[in-house]
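Counting from 21, one number per residue, gives the positions in the sequence shown under my numbering.
Beta carbons are placed, not taken as given, at the ideal position from N, Cα and C, and that holds for glycine.
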Amino acid sequence: MEQKYTKFLFGFCKKAGSFALKEQKKVTSSIKSDQSIVTEVDLAISKMFYAEIEKFPDSENHFVIDEEFVKPLSEVKEKLEKAKYTWIIDPIDGTTMYFNGLQFWSISIGVFKDGKPWLGMIYMPALKELIYFDGKKSYFVQNPFTKSEKTQVIEKPKKPLVFKSAMVCRLKKDVLISRTGFGFFDVGAASIYCSYVILDRVKSAFFSKSIKIWDLAGALPMIKSLGLDFFDSDTGEKIEINDFKNLQNDWKFKRVIVLCGPENVKRLLGLVEYR
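Okay, structure coming up:
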């Protein structure tokens with residue numbers, strides 16, 4: 021079953037990624053009710069995804085949470101509890117970057133089975149990178165869908181948290197570094213932040229309360245497989261992203277969270293303060 025749905029994820033991401041790349045130079049946008057932007061490509065990919073899921077012979081067992089057509093959590097809670105498979109898609113994560121012709125955007129899809137993280141894929145077409153979890157291992161693909169494609173297993177992060185370790189950040193509040201040497205940077209796409217931690221390019225990622233479930237779901241199975249996790253930035257306690265009790269009715273998380281290895285939580289939280 022894992023192989024069947026992993027194959028589906030590859031096929032869909034290839035199709036959606038090719039379409040998004042082709043349309044990027046001529047894309048137009050509009051403003052959503054939450055003041056974020058949406059493009060016609062976001063909407064088109066969402067519709068493509070629903071159409072593909074509806075082709076499944078057991079489509080009644082599949083429920084989709086999609087950034088562009090989502091209903092309040094309270095309205096779909098019963099369906100979520102009954103669904104065997106929950107597909108969580110962000111058709112274009114990093115829409116602002118995408119709209120402005122930059123490279124830092126992705127197509128992110130996570131699959132929960134019986135409420136637990138099961139499969140996940142993050143495809144970064146402009147960066148020519150893809151990461152995924154097939155139910156057993158996490159993989160990194162360079163130059164996906166080309167003749168020069170190269171795939172390797174992602175190993176558990178080994179680099180220590182040292183003086184020059186970088187951290188990515190997506191906070192509306194200012195983040196001050198309480199000790200020199202730890203640098204922050206922001207690329208505007210939560211799934212890419214997650215991919216950098218997964219690939220051990222950076223040691224952590226901080227996310228504000230405005231972050232939503234579809235921003236993180238594609239990365240979650242990989243995060244779990246590599247011994248990483250999400251933690252409350254105030255208490256240091258682990259947060260289960262797939263537990264919808266941790267979400268508000270608009271799908272936002274209730275607190276600032278940090279993604280990192282459990283061995284680094286206390287030290288990381290001692291390095292920053294919010295003002």
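- Query: Buried or exposed: threonine 48, going by 16 or more other Cβ atoms within 10 Å of its Cβ?
  - Reply: Per the 10 Å Cβ criterion, exposed.
- Across which residues does DSSP place serine 50 in a beta bridge pair? Looking at the DSSP output, serine 50 sits in a beta bridge with Val58.
- Tell me whether leucine 41 is buried or exposed, calling it buried when 16 or more other Cβ atoms sit within 10 Å of its Cβ. Under a 10 Å Cβ-count criterion, leucine 41 is classified as exposed, with fewer than 16 other Cβ atoms of the shown protein chains found around its own Cβ.
- Message: Measuring straight from C-alpha to C-alpha, what distance separates glutamate 87 and glutamate 149?
- Response: Cα to Cα, the separation comes out at about 22 Å.
- Using only alpha-carbon positions, find the residue among Ile65, Gly247, Thr106 and Leu63 that is nearest to histidine 82. With distances taken between Cα atoms, histidine 82 lies closest to Thr106.
- Can serine 126 and alanine 209 be called in contact, C-beta distance under 8 Å? It is a contact, given that the beta carbons lie within the stated cut-off.
- Query: What's the gap between the Cα of serine 198 and the Cα of lysine 133?
  - Reply: Confidence is the limiting factor: at serine 198 the pLDDT is only 49, short of 50, which leaves the residue's position unreliable, though a coordinate-based value still follows. Their backbone Cα atoms lie some 41 Å apart in a straight line.
- Message: For a quick check, are the C-beta atoms of aspartate 252 and isoleucine 233 less than 8 Å apart?
- Response: No, the Cβ-Cβ distance between aspartate 252 and isoleucine 233 is not below 8 Å.
- Flag this pair as yes or no: are the beta carbons of aspartate 263 and proline 92 separated by less than 8 Å? With respect to proline 92, aspartate 263 sits apart: the two C-beta atoms are not nearer than 8 Å.
- Message: If you measure between the beta carbons of leucine 139 and phenylalanine 160, is that distance less than 8 Å?
- Response: Phenylalanine 160 sits away from leucine 139, with the two beta carbons spaced by 8 Å or more.
- Item | Which residues DSSP lists as bridging lysine 258, in chain order | Beta-bridge partners of lysine 258 (DSSP): Phe251.
- Could you name the residues of the same chain whose beta carbon sits closer than 6 Å to that of phenylalanine 250, not counting the 5 residues immediately before and after it, in chain order? Result list for phenylalanine 250: Ile259, Ile261, Ile277 and Leu279, in chain order.
- Would you give the residue range spanned by the beta strand (DSSP E) that leucine 150 belongs to? Leucine 150 -> beta strand (DSSP E) spans 149-153.
- Message: For the alpha helix (DSSP H) containing glycine 299, name the first residue and the last one.
- Response: In the structure as shown, the chain begins at 21 and stops at 295. Residue 299 is therefore absent and cannot be evaluated.
- Measure the CB-CB distance between isoleucine 129 and isoleucine 151 and report whether it falls below 8 Å. At the C-beta level, isoleucine 129 and isoleucine 151 stay beyond 8 Å of one another.
- Task: Measuring alpha carbon to alpha carbon, tell me which of Met242, Glu74, Lys104 and Tyr213 ends up nearest serine 228.
- Result: Residue nearest to serine 228 within the set Met242, Glu74, Lys104 and Tyr213 is Tyr213 (criterion: CA-CA distance).
- Query: Can you name the start and end residues of the beta strand (DSSP E) that lysine 133 belongs to?
  - Reply: 126-133 is the span of the beta strand (DSSP E), which, as asked, contains lysine 133.
- Query: Got a sec? Which residues, its chain only, sit under 8 Å from leucine 219 by beta carbon, not counting five neighbours each side?
  - Reply: Answer for leucine 219: Ile151, Phe160 and Ile174, listed in chain order.
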